[in-house]
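> If you count by this note's numbering, then the sequence shown holds residues 18 to 255, one letter each, in order. Each residue gets a CB set at the ideal place from its N, CA and C atoms; glycine is no exception. My questions all concern the structure below.
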Amino acid sequence: MNKHLEQLVKLSQFDKDIVNFDPQIKKEQEKLKVFTETVDKLNSDVEKLYTIIDETKNKRIKNDIHLKELSDKLSEIEGKHKLAKNEKEVKALQLEEEIAKEQVNFANEEIVRLDSLITSKNEELEAIKAELVQEEESVKELKDLIDANIAKLESERNKVYEEKSVLVGTVDSKVLAFYEKIRRWAAESAVVPVKKQACYGCNMKINDRFYSEFIVSDEIMTCPHCGRIIYKDDSAEA
Ligand SMILES: [Zn+2]
C-alpha cells in the first residue's frame, strides 16, 4: 500500500478511537445520575416533613394559647356568677360557660391529634434520614468507582491522542490537509475500505473500470460516488 495512504488509514483509526471514548464516558456519568436523583428526592422529602412538623408545632402553640384564654374566660364567668342579679343573667352566664367548656374540649382533642401527628411525622422523618444516609453512602462508593472508570478512559484517550500526534508529525502536510478536508464532512469515515467492490463509506458499488484501475494503482484514490479516501481491504478480498 502507498505509504501515505497507510498513514491515513492509521490516522483515521486513531480519530475513530478518540471519538468512541465520548459515549463510554457519558454512559458512566449517566449511571451516577440515577442514584443522585434518588438522593435528591429523599432530600426534598426531608424538607417537606420539616415544614409539616413546624406547621403542626405552630398549631399546637396556638391551641395552648387558646386554652389559656378559655381558662381565663371561665374564671371570669365564675366571678360574674356571684354578681348575677337575676335568673336571666344566670342563664346567659351558664350558656357562655357551656360554650367555653366545649371549646376547651375541642382544643384538648386538637392538641392530642396534633401531638400524634408530630410523633408520626417525626418517625417518618427518621426513617427517611436513615435511608438517605445509606443512599448517600452508596452514591459515594459508586461515584468513586465511576470517577476511576472515567479517569481510566480519559488516560486511554490521551494515549491515543499522543500516538496520533506522533503519526501526524510524520505525515506529509499536503496529504494531511487533503485528509482534514474530507474529514470535515465525512468525520470518522473519511478513510474507508472497499469490500466486495463497494465503498464502505457510501455503500455504493464501484464500476468495473474504476475498480480495476483502483486495484493496481498505488495512488491515493477517492470513491467516485462520495469522495471519501478508499483503500483495498485485503482481509475481505481473501
Ligand atoms: Zn463512497
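Any chance the CB of R174 is under 7 Å from a heavy atom of ligand 1?
Position 157 of the sequence shown, counting from 1, holds the residue named residue 174. R174 Cβ: outside cutoff for every heavy atom of ligand 1.
> State the beta-bridge partners of I246 as determined by DSSP.
In the sequence shown, residue 246 corresponds to position 229, counting from 1. Paired residues: V208 and T239.
> Is G186 near ligand 1, with its Cβ less than 7 Å from a heavy atom?
Walking along the sequence shown from the start, residue 186 turns up at place 169. Not so, every heavy atom of ligand 1 lies at least 7 Å from the Cβ.
> Do the stretch 20-28 and the stretch 178-191 meet, that is, are 3 or more Cβ pairs less than 8 Å apart?
With a cut-off of 8 Å, the stretch 178-191 and the stretch 20-28 count as touching, because enough Cβ pairs lie within range.
> Roughly how many angstroms lie between the CA atoms of L104 and E115, to the nearest whole one?
Numbered from 1 along the sequence shown, position 87 holds the residue referred to as residue 104. Numbered from 1 along the sequence shown, position 98 holds the residue referred to as residue 115. Note on identity: in this sequence residue 104 is Glu, with Leu being the wrong assignment. The straight-line gap from Cα to Cα measures roughly 16 Å.
> Between the Cα of Y178 and the Cα atoms of A101, E23, F38 and A215, which residue gives the shortest distance?
Stepping through the sequence shown from its first residue, residue 178 is reached at position 161. Out of A101, E23, F38 and A215, F38 has the C-alpha closest to the C-alpha of Y178.
> Nearer than 7 Å: is that true of the beta carbon of H242 relative to any heavy atom of ligand 1?
In the sequence shown, residue 242 corresponds to position 225, counting from 1. Correct: H242 has its Cβ closer than 7 Å to ligand 1.
> Is the distance from the Cβ of A124 to the Cβ of L91 below 8 Å?
Along the sequence shown, one-based indexing puts residue 124 at 107. Along the sequence shown, one-based indexing puts residue 91 at 74. It is not a contact, given that the beta carbons lie outside the stated cut-off.
> Span of the alpha helix (DSSP H) holding I78?
Translated into the one-based positions of the sequence shown, residue 78 becomes position 61. Its alpha helix (DSSP H) spans residues K20 to L100.
> Return helix, strand or coil for K222, following the three-state DSSP convention.
Working through the sequence shown from its first residue, we reach residue 222 at position 205. Note: K222 maps to strand in three-state DSSP.
> Could you tell me the alpha carbon to alpha carbon distance between V209 and T239, rounded to whole angstroms?
As a position in the sequence shown, residue 209 is number 192, starting the count at 1. As a position in the sequence shown, residue 239 is number 222, starting the count at 1. Whole-angstrom Cα-Cα distance: 9 Å.
> Would T73 pass as a contact of I128 if the rule is Cβ separation under 8 Å?
The sequence position of residue 73 within the sequence shown is 56, counting from 1. The sequence position of residue 128 within the sequence shown is 111, counting from 1. Against a cut-off of 8 Å, the Cβ pair of I128 and T73 comes out as no contact.
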